[in-house]
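Participant: Going by the working numbering, the first residue of the sequence shown is number 4, and it counts up by one from there. No residue lacks a Cβ here, since even glycine has one placed at the ideal position from N, Cα and C.
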Amino acid sequence: MPKTAPTLPDIATAAARSPEGMLPARPAVTLPILATAAARSPEVVLAGRPSLTLQNFVLGLPGVCTEPGMFCNLGGSGWVSAADGTVFLAPDAHMRSDTYGNMLGIGNWDRACHLDGLYLAVRGTGQVEIKVFQVKVGRSWERLASDLCILSADTETVVDLSAYVLNGGDGAIWFEISNLSHDQVATVTAARYLTCGVVDEGMSLALCMAEGATEAPQDRLLQPQLAAWCAGPGKVAGAQVLRVRADVTPLEQLQRAKAAGFTHALLMDGSTVIAPETLSRAMTFLALARDPSAALGAAVLDPAEKWFIGANGLSADRDGKPSPQYQGTDLREPMQIVSMECELAEEEGRGLLIQPEFLGLSVNLVGPDDHAATAAEFHAYMQLKVARLHHLTGLVVSRQAAVGQTVGDLVTLQHVIYPEAGLCTEANMYFHANGPTNYNDSLGMLSFDELTVVHFDSYFNALNIGKWHETCRPDGLYLGLLGRGRVQVKVYHAIPDRSWELLCDAPYTLTSMSETFIDLSHYAMTAVTGMIFFELHAISAGVQLMGARYAVPGRINPAIRLCLSITTFKREAEVENTARRMAQYFDTCDFADQMHLNIVDNGNSARIAESAMITRIPNANLGGAGGFTRGLIEADKAGYSHVLFMDDDASIPMEALHRAYAFLTLSKDPKAAVSGAMISNSDKWRMWENGAIFDRNCRPQFTGTDLRSWPEVMDMEFRSASSHSNKAYGGWWFFAFPVKEVTHYPFPFFVRGDDINFSLAN
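#1: Give me the Cβ distance between L523 and I535, rounded to the nearest whole Å; I'm assuming they're in contact under 8 Å.
#2: If you reduce the DSSP assignment to three classes, tell me which class K730 lands in.
#3: For W713, collect the residues of the same chain with a Cβ closer than 6 Å to its Cβ; drop the 5 residues on either side in sequence, then sort them by chain order.
#4: Nearest by alpha-carbon distance to Y481: which of V492, R487 and T474 is it?
#5: If we ignore side chains and look at the alpha-carbon of each, how far apart do G734 and G694 end up?
#6: When the Cα atoms are used, what is the spatial distance from M690 to L413?
#7: Might you give, ordered along the chain, the residues of its own chain that have their beta carbon closer than 6 Å to the beta carbon of A595, omitting 5 neighbours on each side?
#8: If we count the other Cβ atoms within 10 Å of its Cβ and call it buried at 16 or more, is T746 buried or exposed?
#9: Secondary structure at K671, three-state DSSP: helix, strand or coil?
#10: Compare the beta carbon distance of V341 and A175 with 8 Å and say whether it is the shorter of the two.
#11: Going along the chain, which unbroken runs of the beta strand (DSSP E) with 3 or more residues stay wholly within the segment 147-203?
#12: Starting from F91, trace the beta strand (DSSP E) in both directions and tell me its first and last residue.
#13: At the level of alpha carbons, what is the spacing between T252 and M649?
#14: Using the three-state DSSP reduction, which class does H472 fall into: helix, strand or coil?
#15: Is the CB-CB distance between T89 and T190 below 8 Å?
#16: Rounded to the nearest angstrom, what separates L269 and S207 at their Cα positions?
#17: Would R702 and D651 be called neighbours here (beta carbons separated by less than 8 Å)?
#18: Would you mind reading off the limits of the beta strand (DSSP E) that contains F537?
#19: Does A665 come out as helix, strand or coil in the three-state DSSP assignment?
#20: Mind checking whether T668 and N601 have CB atoms under 8 Å apart?
#21: Which word fits A31, buried or exposed, when buried means at least 16 other C-beta atoms lie within 10 angstroms of its C-beta?
#22: Which residues in the same chain as G447 place their Cβ atom closer than 8 Å to its Cβ, once the five residues preceding and following it in sequence are excluded?
#23: T581 lies in the beta strand (DSSP E); which residues open and close that run?
#24: Could you say which of L92, D113 and E308 lies nearest to T287 if we only look at CA atoms?
#25: In its own chain, which residues sit with a C-beta less than 8 Å from the C-beta of V83, not counting the 5 before and 5 after it?
#26: Going by C-alpha distance, which of G626, M657 and A436 is nearest R583?
#27: Three-state secondary structure (DSSP) at W112?
#28: Quick one: is P279 buried, meaning 16 or more other Cβ sit within 10 Å of its Cβ, or exposed?
#29: Are the segment 51-59 and the segment 140-147 touching, with three or more C-beta to C-beta distances below 8 Å?
#30: Assuming F740 is part of the beta strand (DSSP E), what are its boundary residues?
#31: Beta-carbon separation of P679 and F737 under 8 Å?
#32: So, under 8 Å CB-CB, F60 and I133 are touching, yes? Tell me the CB distance rounded to an integer number of Å.
#33: Restricting to Cα atoms, I'd like to know which of A623, A562, I153 and A292 is closest to P741.
#34: Would you please state the rounded distance, in angstroms, between the beta carbons of P327 and G313? I believe it to be under 8 Å.
#35: So, with DSSP's three-state summary, where would you put T281?
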């Protein structure tokens with residue numbers, strides 16, 4: 004029969020039992036618990052000394068991950084109550100904590116922290132056997148305890164595991180609880196690992212959270228944990244959330260925390276979400292750390308499949324760029340977890356780089372002479388200051404939608420657009436759907452019903468991230484959605500010559516009052532080439548999409564001013580219609596203050612309503628080359644940095660102007676130019692020319708590509724992104740370029756091949 008564990012102070016006289024062939028195991032004891040529902044685990048006195056909780060047993064991390072296989076493994080007839088987190092064990096059933104969320108990575112704890120003993124405390128009901136194992140890679144397991152006891156709902160049963168040090172003090176520790184009753188259900192309501200000690204007097208913690216990072220409810224979720232920490236054993240001076248602007252650098256955050264009197268800080272970037280238990284483990288680690296220059300990082304989960312690791316530490320690749328470690332590790336597989344834990348502990352944080360999602364450290368690493376740095380400088384700066392960067396098993400965060408970003412903080416790369424009467428109404432060039440959809444042109448709104456899936460894997464709406472990244476090197480990427488209804492959002496990254504990545508797979512409730520942002524910045528951890536596109540699965544009736552866009556952090560460069568230059572001759576109706584469309588576009592354009600339209604009228608016959616945004620320039624009939632030369636000269640005289648040559652009928656979506664300007668304002672290459680494709684006028688789904696090469700003959704590229712077909716579009720985009728010919732040229736129906744890079748002006752008279760010569764000469 005199982006014995007009832009003695010209560011203190013009888014622990015000093017309880018006989019230790021030594022299972023045959025095992026190290027002596029100390030007896031289990033039960034201790035009174037506090038009758039409160041505080042966020043902090045109850046204080047326990049071990050052998051007359053107070054204790055600290057290293058980690059609690061959890062069945063999920065709210066807001067981060069609730070994948071069952073990452074927290075508890077059940078054998079036999081066992082089940083979990085989602086309401087209160089109780090584990091129920093039918094007769095002969097058992098539960099194991101050999102999971103990523105609840106395995107104790109003792110190697111990292113022991114090497115980094117002052118641990119004065121190690122204990123497991125369990126609360127529940129029923130007659131059970133508690134086994135505790137210490138596991139290492141390539142070695143047999145050690146059984147630290149095998150105790151028979153009767154669990155109580157009012158007291159904790161404590162098992163002494165301090166003998167772990169005799170096995171080298173490394174590896175991972177997990178427990179198994181089995182119901183010994185033949186006719187009664189046992190329960191486990193709580194479990195935790197403890198050590199003797201208190202928080203050093205004067206320790207305080209600032210949790211620095213960037214504004215727009217997470218929704219306000221996370222503040223309310225974490226505040227009780229901070230308050231309970233202050234009320235626990237020891238003399239914690241204070242702990243609180245410090246909200247900081249998104250543009251405040253990490254080094255400035257540390258300086259502010261230090262100036263406010265805090266000894267330690269946890270820094271979280273703009274899209275990180277953590278659970279209270281993660282915060283609790285981090286605070287305990289920082290309180291017990293031996294090395295004042297030690298720092299704490301966390302694993303970032305794959306945003307789509309949260310049982311996989313996105314990155315558990317970063318290291319520099321051959322080019323010096325951060326490379327994610329342990330990416331793809333399956334957190335449902337115990338031996339993969341143990342292998343990762345042992346490697347991390349053995350390395351002791353050497354070679355790991357700072358991750359922006361989560362960083363805990365002492366503010367004393369920042370001296371009075373240290374100056375604010377950019378995020379990039381901070382990475383290198385703190386790397387020199389941090390002696391060891393530790394990653395604890397079970398310490399995980401996730402990246403979610405950034406809420407509250409303002410347009411001033413983001414530059415839109417491209418908006419989702421729809422069929423336009425008179426221009427192109429081939430729906431499959433804009434989106435694909437497996438059910439009925441309705442587009443309201445006057446409202447700019449796409450409506451679809453429950454179970455309908457709309458795919459934006461299309462010529463006009465997929466994002467060629469390879470072209471953007473090569474020239475603009477964006478620091479992050481967001482998908483913004485505006486509308487009504489509940490949708491499942493999936494975002495894919497199609498990469499040349501390899502399998503696709505799923506960047507997002509999550510439900511969202513769209514609203515028309517505020518934009519929903521989904522952080523896709525992790526695309527760069529896998530590849531900076533390829534195509535990114537999204538699809539919406541309607542999971543409620545009457546879904547409406549009122550707007551969608553891809554955007555990057557940053558602001559427009561005010562020095563980039565774009566002059567649109569159109570040359571016309573006796574085509575009054577076409578150019579007057581173009582002027583009207585342009586005037587309407589300027590009324591709503593994000594970059595209107597940075598643009599102007601010059602219409603060079605070679606026929607002196609167009610009736611244009613001039614305005615602050617549109618100027619008609621009478622000109623002699625010198626042909627297209629002469630007209631465009633006049634437009635370039637006038638733009639240069641007016642101080643514009645770039646010129647965009649266009650046809651007078653401007654048969655383009657106005658969105659093309661936005662994308663061209665965004666590309667130019669974000670470009671890191673001062674010589675960057677933008678060339679527009681030409682689609683067949685008779686078959687508006689067929690590509691006529693997507694760039695061209697001149698090698699004594701004009702060779703239009705990708706002629707005949709069916710723009711309704713996603714495979715054909717993707718092939719064209721992949722190939723065009725990797726093509727860099729010095730014989731390429733851009734047609735003047737849509738060609739934007741920097742004025743100061745022009746060394747050879749076009750001939751100021753009619754000449755065939757003027758656009759070819761201009762591109763190749765400059």
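Facilitator: On the basis of the coordinates in this document:
#1: 7 Å
#2: coil
#3: D460
#4: Of the candidates V492, R487 and T474, the one whose C-alpha sits nearest the C-alpha of Y481 is V492.
#5: Cα to Cα, the separation comes out at about 8 Å.
#6: Each residue's Cα considered, the two are about 32 Å apart.
#7: Only F589 meet the Cβ criterion.
#8: exposed
#9: coil
#10: yes
#11: 158-163, 175-182 and 189-199
#12: V90 to L92
#13: 42 Å
#14: Helix at H472.
#15: Yes, these two residues count as a Cβ contact at 8 Å.
#16: L269 and S207 have their alpha carbons spaced roughly 11 Å apart.
#17: no
#18: For F537, the enclosing beta strand (DSSP E) begins and ends at M534 to A541.
#19: helix
#20: Remark: C-beta atoms of T668 and N601 do not approach each other more closely than 8 Å.
#21: Any answer about A31 is weak, because its pLDDT of 41 lies below 50 and its placement is not dependable; what the coordinates show is given next. The residue in question, A31, is buried, as its Cβ has 16 or more Cβ neighbours within 10 Å.
#22: Y421, M549 and G550
#23: From DSSP, T581 is part of no beta strand (DSSP E) but of the alpha helix (DSSP H) over E575 to T591.
#24: D113
#25: L62, P71, C75, L77, T89, V90 and F91
#26: It is M657.
#27: helix
#28: So P279 ends up on the buried side.
#29: no
#30: F737 to P741
#31: The displayed chain sequence assigns Gly, not Pro, to residue 679. Contact flag set, yes.
#32: Rounded, the Cβ-Cβ distance is 12 Å, inconsistent with contact.
#33: A562
#34: Sure, about 7 Å apart at Cβ, within 8 Å.
#35: helix
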